[in-house]
Amino acid sequence: MPILNSKIPEGSIDKKWSNHKSKIRLVNPANKRLIDVIVVGSGLAGGAASASLAELGYNVKTFCFQDSPRRAHSIAAQGGINAAKNYQGDGDSVYRLFYDTIKGGDYRSREANVHRLAEVSANIIDQCVAQGVPFAREYGGLLDNRSFGGVLVSRTFYAKGQTGQQLLLGAYSAMSRQIGKGKIKMYSRHEMLDLVIVDGKARGIIARNLVTGEIQKHSAHAVVLGSGGYGNVFFLSTNAMGSNVTAAWKTHIKGAFFSNPCFTQIHPTCIPVSGDHQSKLTLMSESLRNDGRIWVPKNMEDVLAIREGKLKPTEISAENRDYYLERRYPSFGNLVPRDVASRAAKERCDAGYGVNKTGEAVYLDFASAIERYGKEKAQVLNIDNPSEEEILSLGRKVIETKYGNLFQMYYKIVDDDPYYTPMQIYPAVHYTMGGLWVDYNLMSTIPGCFVAGEANFSDHGANRLGASALMQGLADGYFVLPYTIGDYLADDIRTGPISTDLPEFEKTANEVSENISKLMNIKGSKPVDYFHKRLGKVMWNNVGMARNAEGLNAAIDEIKIIREEFYDDVRIPGDANELNPELEKALRVADLIDLGQLMAIDALNRSESCGGHFREESQTEEGEALRDDENFTYVSAWEYTGDPSKPNHHKEDLVYENIKLVQRSYK
Amino acid sequence: MKLTLKIWRQKGPEEKGKIVTYPIDNIDGDMSFLEMMDVLNVELVKKGESPVAFDHDCREGICGSCSMYIDGEAHGPDRGVTTCQLHMRKFKDGDTIYIEPWRAKAFPIIKDLVVDRSSFDRIMNAGGYISVNTSGNTIDANATPIPKEDADKAFEAATCIGCGACVASCKNASAMLFVSAKVSQLALLPQGQVEAKDRVLKMVEAMDEEGFGNCTNTGACEVECPKGISLENIARMNREYLKAMVKK
Ligand SMILES: Cc1cc2nc3c(=O)[nH]c(=O)nc-3n(C[C@H](O)[C@H](O)[C@H](O)COP(=O)(O)OP(=O)(O)OC[C@H]3O[C@@H](n4cnc5c(N)ncnc54)[C@H](O)[C@@H]3O)c2cc1C
Ligand code: SF4
Ligand code: FES
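Chains as they are written, first to last, in numbering that gives the first Met the number 0: chain A, 0 to 666; chain B, 0 to 247.
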């Protein structure tokens with residue numbers, strides 16, 4: 000049985016990374032030309048890694064299932080990216096970012112990794128600016144910052160509500176440069192369907208050309224997965240429609256341990272579900288909580304009147320509103336971390352105070368901010384005695400410059416203008432902290448298989464802070480992996496090219512083809528989405544915002560049934576050797592079903608509450624998550640055994656040498 | 000709502016395509032256009048017919064995947080939105096809706112509504128970047144202040160999502176709006192100055208090689224661009240191009 004060795008370097012926390020870097024083995028430039036690396040994913044993690052590895056001289060092959068690397072899901076990130084620059088002089092530092100991230104993650108992440116992340120964060124901003132990423136600036140020409148939840152400083156860099164787009168286009172441009180030079184070979188519209196292992200090492204992948212259906216063998220000396228998160232196991236999430244777990248799951252089946260799969264982030268501010276036709280949910284960035292105040296009516300009569308359309312939210316006076324976050328958490332107010340804000344919304348809605356027809360919505364209100372900004376602006380413009388309307392109109396303009404695209408998005412979807420009436424929001428699945436287990440070098444339990452970005456488990460513990468995923472993706476891709484992979488590849492300078500004629504490639508490719516024929520031949524009666532929606536419902540109800548042993552056991556049983564019915568009754572039209580989106584979905588949903596089961600098993604095992612994982616059996620008197628440090632200060636790492644319902648459980652004990660474990664408080 | 004859909008069906012790049020009519024019922028105004036297409040596809044699958052292939056991913060107007068030509072307009076009748084952000088409340092009960100792929104020589108059809116836009120990537124590979132290594136060994140991000148106005152303009156240009164609506168709505172199938180957005184973004188920033196001349200020449204050359212048409216200033220691209228990319232960018236690129244030609 001493989002033993003988990005996190006390979007955390009010796010020394011004090013602030014020296015670990017620099018010492019490690021200086022001791023790590025390097026590959027000389029002439030030898031790098033002899034080495035191939037496959038990167039699966041062109042998001043921030045995969046895109047950044049591809050560009051950096053190619054610049055260093057490796058031959059890189061990059062895969063993505065979209066028609067262009069620029070469309071990876073990272074493009075959709077809105078609010079911002081954190082970095083310990085302390086440009087605002089508000090007391091930020093590497094240590095504070097480190098501390099906030101560990102605390103935000105409810106003390107379930109690895110200290111050494113998080114410290115490294117905080118250390119390299121500042122450099123990310125330098126790098127991106129050099130690439131031409133147009134971050135927001137102040138009038139003096141310097142970079143602007145905003146605040147995100149769970150912290151008391153302003154360290155978030157942003158480009159309006161399109162930060163992910165701008166950062167990804169930066170990484171994409173760095174990739175384009177290397178593609179132009181022939182150092183990256185790009186495989187768009189290709190999907191990895193399995194990992195190939197030769198003599199115990201990851202040596203390639205099997206991919207399907209999504210246009211022709213061709214099953215291809217690709218070899219390399221190492222494989223990097225930057226394949227993103229698995230939020231779509233819930234069917235409805237803020238993830239892009241194509242986001243999926245297949246690359247990670249197939250790698251798990253091949254021997255990589257899967258860590259903390261039950262750690263899911265439910266984001267508090269998303270547009271509520273509008274009907275059964277819904278295909279995805281839209282996030283309203285956390286940055287809005289800088290200026291938006293969250294509330295529900297205090298009185299039940301008002302709630303009912305609103306639902307019947309007899310009362311408008313703007314007609315409810317301040318004393319009759321319950322700004323419940325400000326009430327419960329006076330020091331962080333509307334900027335508590337996501338898990339806390341989501342549970343608080345659920346608590347109010349469960350108590351009957353939800354403000355839409357389904358009872359699952361609360362208000363996010365910008366009226367106070369519009370008025371405040373309007374007054375400030377009027378003063379700046381020297382307008383004496385501005386009228387109420389003038390003030391509001393100036394205020395709306397300020398809000399527009401900050402969040403214009405988000406307000407437009409909301410308006411187009413809901414058909415209601417948030418400049419004049421509060422937004423309705425509700426929590427939705429957004430991000431997955433769990434992922435493939437990796438050591439300090441970002442290597443999985445399969446030698447030569449590295450995992451970066453949302454696909455790994457490493458930095459966010461049981462809850463990720465806002466604006467930290469972009470930071471982690473780019474840190475992994477630009478600054479960590481390009482070093483650590485060298486240490487591994489130093490052994491491969493004499494290996495020579497890996498042949499795809501090896502029997503291992505043939506065998507894996509055959510397995511992939513057989514699996515596809517099996518699915519195509521079921522010829523049942525129900526479309527893939529039917530099963531995906533059913534899975535999503537079970538996951539949301541039983542493995543969602545609140546979990547208990549009974550519900551989790553029921554989920555495990557129910558998922559088994561969904562699985563059986565899927566393999567018995569799914570219908571995939573068309574052929575395997577053509578562009579076939581239904582087949583693509585079927586392959587992804589098959590893996591999401593098995594993953595869903597593992598998530599429930601993991602959630603059942605962890606009978607404590609921590610971060611986004613809320614076990615109803617484990618809460619404080621005030622309904623806050625109650626950790627059990629004595630029994631659960633570990634990372635779960637699950638090993639595939641052949642039967643998805645019976646995985647082996649391994650543990651990596653978490654050791655806190657620099658931060659004292661305390662009950663998290665945002666009061 | 001009850002609607003009649005007239006959709007371009009084409010099995011593969013080499014096959015002949017045609018418009019096929021599909022009646023559809025029970026469409027709710029709150030559905031997005033793509034959710035309406037999902038409903039159609041579920042029905043087609045249940046009937047054992049092949050569903051309509053179309054590109055999509057984020058479904059929130061940012062990835063640039065979706066690309067439908069609806070009733071003669073790229074991304075349909077609403078302004079400032081992509082197809083995935085278009086909602087059915089823009090249509091009326093009983094409407095007939097024509098749905099076709101982007102049409103341009105440089106965007107060959109792969110299947111149904113799916114086209115190949117890799118020509119855009121190749122233009123980017125020719126010069127749509129700043130040649131700086133990603134090692135992080137660069138100057139502090141605040142070492143060079145950039146006037147807010149320039150930064151904001153660069154940002155506006157950088158919000159292009161690479162969808163190709165500009166090409167699809169241009170009678171010449173020109174890619175000027177797309178290319179000029181990237182050229183402008185980098186030309187407006189001090190970091191982009193060093194290679195500015197080389198960049199514009201290379202990108203324009205690549206654009207011509209891909210078979211995009213010439214720009215005759217009809218402005219259709221700006222009207223149909225879901226991100227409001229302005230024609231000013233084309234003017235700026237033309238200036239950059241002339242400067243570069245003079246110095247060549
Ligand atoms: C709406 C939204 C807003 C967000 N806003 C923020 C924010 O403001 N700040 C923040 O820090 N974080 C934010 N996040 C989170 C953040 O965007 C993601 O965690 C991050 O971008 C993930 O990057 P990644 O590179 O790991 O994966 P992704 O960007 O998801 O990329 C995955 C890549 O892998 C490829 N791929 C996957 N499987 C396969 C396969 N089998 N074969 C081939 N290719 C494959 C895909 O094609 C894609 O290129 C947001 C997330 C969402 C959903
Ligand atoms: S310029 Fe506008 S229409 Fe053209 S690709 Fe960019 S976003 Fe699409
Ligand atoms: S699906 Fe991404 S822009 Fe429409």
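Beta carbons: idealized from backbone N, C-alpha and C, even for Gly.
Where in the stretch 581-654 of chain A do unbroken runs of the beta strand (DSSP E), each at least 3 residues long, occur, reported from the N-terminal end onward? 633-638, 647-652
Can you tell me the Cβ-Cβ gap for B/Thr-133 and A/Glu-54, rounded? I've got them flagged as a contact below 8 Å. Within the second sequence, the letter at position 134 stands for residue 133 of chain B. Within the first sequence, the letter at position 55 stands for residue 54 of chain A. Contact flag correct, Cβ pair sits at about 6 Å.
Here's a check: name, in chain order, each residue in its chain whose Cβ is nearer than 8 Å to the Cβ of A/Asp-321, leaving out the five neighbours to either side. As a working note, residue 321 of chain A is residue 322 in the first sequence. Hits under 8 Å: Trp-294, Val-295, Pro-296, Lys-297, Arg-347, Tyr-352.
Report the residues of the stretch 61-78 of chain B with a CB closer than 9 Å to any CB of chain A, ordered along the chain. Ile-61, Cys-62, Gly-63, Ser-64, Asp-77
With respect to the beta strand (DSSP E) encompassing A/Trp-294, which residues constitute its N-terminal and C-terminal limits? Here residue 294 of chain A refers to the residue found at position 295 of the first sequence. A/Trp-294 -> beta strand (DSSP E) spans 292-296.
By the 10 Å Cβ neighbour count, where 16 or more other Cβ atoms means buried, how is A/Ala-317 classified, buried or exposed? Here residue 317 of chain A is taken as the residue at index 318 of the first sequence, counted from 1. Exposed: under 16 other Cβ atoms inside 10 Å.
Mapping the DSSP letters down to three states, classify A/Ala-350 as helix, strand or coil. Working through the first sequence from its first residue, we reach residue 350 of chain A at position 351. A/Ala-350 falls in the coil class under three-state DSSP.
Rounded to whole angstroms, what's the CA-CA distance from A/Gly-169 to A/Lys-374? Just pull it up for me. Within the first sequence, the letter at position 170 stands for residue 169 of chain A. Within the first sequence, the letter at position 375 stands for residue 374 of chain A. In a straight line, the C-alpha of A/Gly-169 is about 37 Å away from that of A/Lys-374.
What is the residue span of the beta strand (DSSP E) that A/Cys-739 lies within? Residue 739 of chain A lies beyond the residue range present for chain A, which begins at 0 and ends at 666; the question has no answer from this structure.
Assuming A/Ile-196 is part of the beta strand (DSSP E), what are its boundary residues? Taking the first residue of the first sequence as position 1, residue 196 of chain A is located at position 197. Counting along the chain, the beta strand (DSSP E) containing A/Ile-196 begins and ends at 189-197.
What are the start and end residues of the alpha helix (DSSP H) that includes A/Ile-204? The residue you call residue 204 of chain A lines up with position 205 of the first sequence. That residue, A/Ile-204, is in no alpha helix (DSSP H); its beta strand (DSSP E) goes 200-208.
Counting only beta-carbon separations shorter than 9 Å, does A/Glu-581 have a partner in chain B? Walking along the first sequence from the start, residue 581 of chain A turns up at place 582. At least one chain B Cβ lies under 9 Å of A/Glu-581.
How do the stretch 147-157 of chain B and the stretch 59-76 of chain A stand: do at least 3 beta-carbon pairs fall below 8 Å, yes or no? no
A/Phe-257 to B/Ile-23 span [Cα, whole Å]: As a working note, residue 257 of chain A is residue 258 in the first sequence. As a working note, residue 23 of chain B is residue 24 in the second sequence. The straight-line gap from Cα to Cα measures roughly 44 Å.
Nearest to A/Arg-292 (by Cα), restricted to the options A/Pro-421, A/Asn-27, A/Leu-480, A/Leu-488: Here residue 292 of chain A corresponds to residue number 293 of the first sequence, with the count starting at 1. Out of A/Pro-421, A/Asn-27, A/Leu-480, A/Leu-488, A/Pro-421 has the C-alpha closest to the C-alpha of A/Arg-292.
How about the stretch 160-179 of chain A and the stretch 33-51 of chain A: do they share at least three Cβ pairs that are nearer than 8 Å? yes
Fully enclosed by the stretch 102-146 of chain B, which alpha helix (DSSP H) runs are 4 residues long or longer? 117-126
Using a Cβ-Cβ cut-off of 9 Å, state whether A/Leu-691 counts as contacting chain B. Chain A is shown from 0 up to 666; residue 691 of chain A falls before or after that span and cannot be answered.
Taking 9 Å as the threshold (C-beta atoms), are A/Pro-646 and A/Leu-597 in contact? As a first step, residue 597 of chain A must be located in the first sequence, where it is residue number 598. As a first step, residue 646 of chain A must be located in the first sequence, where it is residue number 647. Their beta carbons are under 9 Å apart, which means A/Leu-597 touches A/Pro-646 by this criterion.
Measuring only from the beta carbon, is B/Glu-223 closer than 8 Å to any heavy atom that is part of ligand 2? Stepping through the second sequence from its first residue, residue 223 of chain B is reached at position 224. It does: the Cβ of B/Glu-223 is within 8 Å (strictly closer) of some heavy atom of ligand 2.
Mind listing the chain A neighbours of B/Ser-179? Cutoff is C-beta to C-beta under 7 Å, in chain order. Taking the second sequence and counting its residues from 1, the one referred to as residue 179 of chain B is at position 180. What B/Ser-179 touches in chain A: nothing, since even the nearest Cβ is about 15 Å away.
Can you tell me whether DSSP reads A/Lys-15 as helix, strand or coil? Counted from its first residue, the first sequence places residue 15 of chain A at position 16. If DSSP states are grouped into helix, strand and coil, A/Lys-15 belongs with the helices.
Which residue wins for smallest C-alpha separation from B/Glu-209, given the options B/Asp-27, B/Gly-63, B/Asp-77, B/Ser-118? As a working mapping, residue 209 of chain B is identified with position 210 in the second sequence. Nearest C-alpha to B/Glu-209: B/Ser-118.
A/Met-0: buried (16+ other C-beta within 10 angstroms of its C-beta) or exposed? Numbered from its first residue, the first sequence carries residue 0 of chain A at position 1. Below a pLDDT of 50, predicted positions are generally treated as unreliable, and A/Met-0, at 49, falls in that range; the measurement from the model is reported next regardless. Exposed, because fewer than 16 other Cβ atoms sit within 10 Å of the Cβ of A/Met-0.
C-alpha gap between B/Ser-173 and B/Pro-225, whole angstroms: Here residue 173 of chain B refers to the residue found at position 174 of the second sequence. Here residue 225 of chain B refers to the residue found at position 226 of the second sequence. For B/Ser-173 and B/Pro-225, the distance between alpha carbons rounds to 17 Å.
Taking all protein chains shown into account, decide if B/Met-206 is buried (16 or more other Cβ within 10 angstroms of its Cβ) or exposed. Locating residue 206 of chain B in the second sequence gives position 207, where the first residue counts as 1. By the 10 Å Cβ count, B/Met-206 comes out buried.
With a threshold of 8 Å (Cβ to nearest heavy atom), would A/Leu-441 be considered close to ligand 2? Residue 441 of chain A sits at position 442 when you count from the first residue of the first sequence. Answer for A/Leu-441: no, Cβ out of range of ligand 2.
Neighbour list for A/Arg-176 in chain B, Cβ cutoff strictly below 7 Å: As a position in the first sequence, residue 176 of chain A is number 177, starting the count at 1. Going along chain B in sequence order, the residues near A/Arg-176 (Cβ under 7 Å) are Tyr-128, Ser-130.
Alpha carbon to alpha carbon, how far is A/Leu-209 from A/Ile-178? Give it in angstroms, no decimals. Position 179 of the first sequence, counted from the start, is the residue given in the question as residue 178 of chain A. Position 210 of the first sequence, counted from the start, is the residue given in the question as residue 209 of chain A. Distance between the alpha carbons of A/Ile-178 and A/Leu-209: 21 Å.
Tell me which residue opens and which closes the alpha helix (DSSP H) that A/Tyr-425 is part of. Here residue 425 of chain A is taken as the residue at index 426 of the first sequence, counted from 1. First-last for A/Tyr-425: 422-431, but that is the beta strand (DSSP E), not the alpha helix (DSSP H).
Alpha carbon to alpha carbon, what distance is there between A/Tyr-529 and A/Ile-571? Position 572 of the first sequence, counted from the start, is the residue given in the question as residue 571 of chain A. Position 530 of the first sequence, counted from the start, is the residue given in the question as residue 529 of chain A. Each residue's Cα considered, the two are about 12 Å apart.
Have a look at A/Ser-286 and A/Phe-147 and give me their C-alpha separation to the nearest angstrom. By 1-based counting over the first sequence, the position of residue 286 of chain A is 287. By 1-based counting over the first sequence, the position of residue 147 of chain A is 148. The straight-line gap from Cα to Cα measures roughly 6 Å.
For the stretch 1-49 of chain B, which segments carrying the alpha helix (DSSP H) assignment without a break, of at least 4 residues, lie completely within its bounds, in sequence order? 32-45
At 4 residues or longer, and completely inside the stretch 167-221 of chain B: list those alpha helix (DSSP H) runs for me, N to C. 175-186, 195-208
Contact between the stretch 595-615 of chain A and the stretch 522-540 of chain A (3+ Cβ pairs under 8 Å): yes
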